[in-house]
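Residues 2 to 384, numbered by my numbering, are exactly what the sequence shown covers, in order.
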Amino acid sequence: MSLDADTLRMLVEATRTFVTERLMPLEAEVAESGSIPPQVREEMQALGLFGLSIAPEYGGLGLNMEEEALIAMELGRTSPAFRSLAGTNIGIGSQAIVLAGTDEQRKKYLPKLASGELIGSFALTEPEAGSDALSLRTTARRDGDHYVLNGTKRFITNAPIAGLYTVMARTAEGRRADAISCFLVEAGTPGITLGKPDRKMGQAGSLTCDIIFEDCRVPASALLGGEEGNGFRTAMRVLDKGRLHIAAVCVGMAERLIAESVRYATERKQFGKAIADFQLIQAMIADSQTEAYAARTMVLDAARKRDRGEPTTLEASCCKLFATEMVGRVADRAVQIHGGSGYIAEYAVERFYRDVRLFRLYEGTSQIQQLVIARETIKAYAA
Ligand code: COS
């Protein structure tokens, strides 16, 4: 479903207002405390932010990818922790069910994910399987009407607060896609232990930890789609969408960093005038603006292509690679424009500089995006 132009504009504006008036003033507090006030989660729920991409029949807003990208850009303008809270429900924590769940699984989980009552998470990464996701070791052994899960998942976003984990586990031997299946595992199932929340370089308030499965018995009905062997391909399809979403978030963050840079550069005086009057400062602003605009255009183009039902594995990786690297450069210039102040914790750019580093790592490193882009490009031209 896609919204009419007026409704979309209103939704984008409501999100922008919420971000500017409600979330931005809380950034420093969230960074300090490492947690988001419960009241904010309720307000995000009321705005429908947890269900952006989930169909209206399950209580979501049913946005198409272009619409979701526009909202993700707005959410990107503030500390990534806020986006991250709703982000798994919008993306990797719900999309496996959307793409490949049975009717029963969709009815059971999507309404609660859409409302934000339940937080979802996506458990693919393991201590020995990061970029090489196909080598994951967590096993799911069939035992009568149950599966028994054993293994450790690492760096799982929102795991400390999630009620549902989408878990990729091995149901057969061998480094092949059809050896991996996907399970919908509810938090609190006996045999699950959570690691301590990870201490991270940035993105304070976005919670990650290990999930450890020790003889964790789940009913056979937890198998996504009721079929073994689809877990890896589903995970890759989920990431195709997730990577576009992250690229959109980076566009919003880059635009915020540019706004912060311009504000500082117009206020800060050196050599008798605002530093914004100096061409070397202007060059940095111009480079950042050009790159942010390029990323915005790429993301929206790829999103429209996806909305037309065309394959976008290549485009999603291009967007993820370019936008995450771009925001790293923009954050670096923002610190440079702020001079010594940019290194001081009171300024938002110091924090964002650390926050944006993660974008180049999660949902596939830049090197994995390069690998996917090269493979897809060679395949396309060799065909
Ligand atoms: N959509 C659908 N299917 C896909 C796919 C996609 N985007 N990408 C790969 N597949 C399928 C392939 O078609 C192949 O299927 P067949 O076995 O039927 O041919 C299977 O999955 C295995 O793919 P491939 O042979 O490309 O596996 P590789 O191990 O060579 O490469 C990469 C897979 C590296 C691309 C994958 O492991 C990856 O994306 N790694 C990064 C993981 C990641 O992003 N982690 C972040 C954690 S989540 S926050």
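Don't be surprised by glycine CBs; every beta carbon is placed ideally from N, CA and C. In this text, all values refer to a predicted model and were calculated from it rather than measured experimentally.
Cβ-based neighbour list, residue i, same chain, cut-off 6 Å, excluding 5 preceding and 5 following
i    : result
P198 : P161, L208, C210
G61  : G52, I55, A115
A205 : A32, G35
G196 : C210, D211
K113 : L119
D216 : V149, G192
F123 : I93, G94, T167
K270 : none
D179 : G230
V20  : E75, R78, T79
V239 : I93, Q96, A97
Where residue i sits in the DSSP three-state scheme
i    : result
M202 : coil
K274 : strand
S367 : helix
I157 : strand
A188 : coil
F123 : strand
Y148 : strand
T140 : strand
A346 : coil
I93  : coil
S3   : coil
L27  : helix
A384 : coil
I374 : helix
I37  : coil
L100 : helix
L224 : strand
S80  : coil
S182 : strand
Residue i - containing alpha helix (DSSP H), residue span
i    : result
R10  : 6 to 18
G243 : 232 to 268
M169 : No alpha helix (DSSP H) contains M169, which is instead part of the beta strand (DSSP E) from 165 to 171.
F51  : F51 -> no alpha helix (DSSP H), and no H or E assigned at all.
S318 : 314 to 339
D302 : 280 to 308
S116 : 104 to 116
A70  : 66 to 76
Element boundaries [beta strand (DSSP E), containing residue i]
i    : result
V219 : 209 to 220
L195 : 193 to 195
Expected contact under 8 Å - CB spacing of residue i and residue j to nearest Å
i    : j    : result
L48  : A15  : 7 Å
E75  : L9   : Not quite, the Cβ-Cβ distance comes to about 12 Å (not below 8 Å), so this is no contact.
F353 : M254 : 7 Å
T313 : A303 : 5 Å
D146 : P220 : 6 Å
The ligand SAH heavy atom lying under 7 Å from the CB of residue i
i   : result
F83 : As presented, the structure is devoid of the ligand SAH, carrying the ligand COS as its sole ligands.
Contacts around residue i, its chain only, beta-carbon distance under 8 Å, and the 5 residues preceding and following it disregarded
i    : result
L50  : T16, I72, L76, A87, I91, G117
A188 : A163, G164, L165, Y166
Q368 : S132
Own chain residues within Cβ distance below 7 Å of residue i, not counting five before or after
i    : result
V252 : M74, G77, A293, A296, R297, V300, A324
E127 : L137, R138, T139, G152, T153, K154, R155
E256 : R78, A293
- request: Say whether the stretch 358 to 374 touches the stretch 189 to 204, bearing in mind that this needs 3 or more beta-carbon pairs closer than 8 Å, one atom from each stretch.
  value: yes
Contact the stretch 343 to 353 vs the stretch 237 to 244: 3+ CB pairs below 8 Å: no
field: contact_flag[the stretch 168 to 175, the stretch 128 to 143] where n(CB pairs < 8 Å) is 3 or more
entry: yes
query: Looking at C-beta atoms only, is the number of pairs between the stretch 175 to 187 and the stretch 228 to 241 that lie closer than 8 Å three or more?
result: yes
- prompt: If we count Cβ pairs, one from each stretch, closer than 8 Å, do we get three or more for the stretch 327 to 342 versus the stretch 96 to 103?
  reply: Taking a cut-off of 8 Å on C-beta distances, the stretch 327 to 342 does not touch the stretch 96 to 103, as fewer than three cross pairs fall below it.
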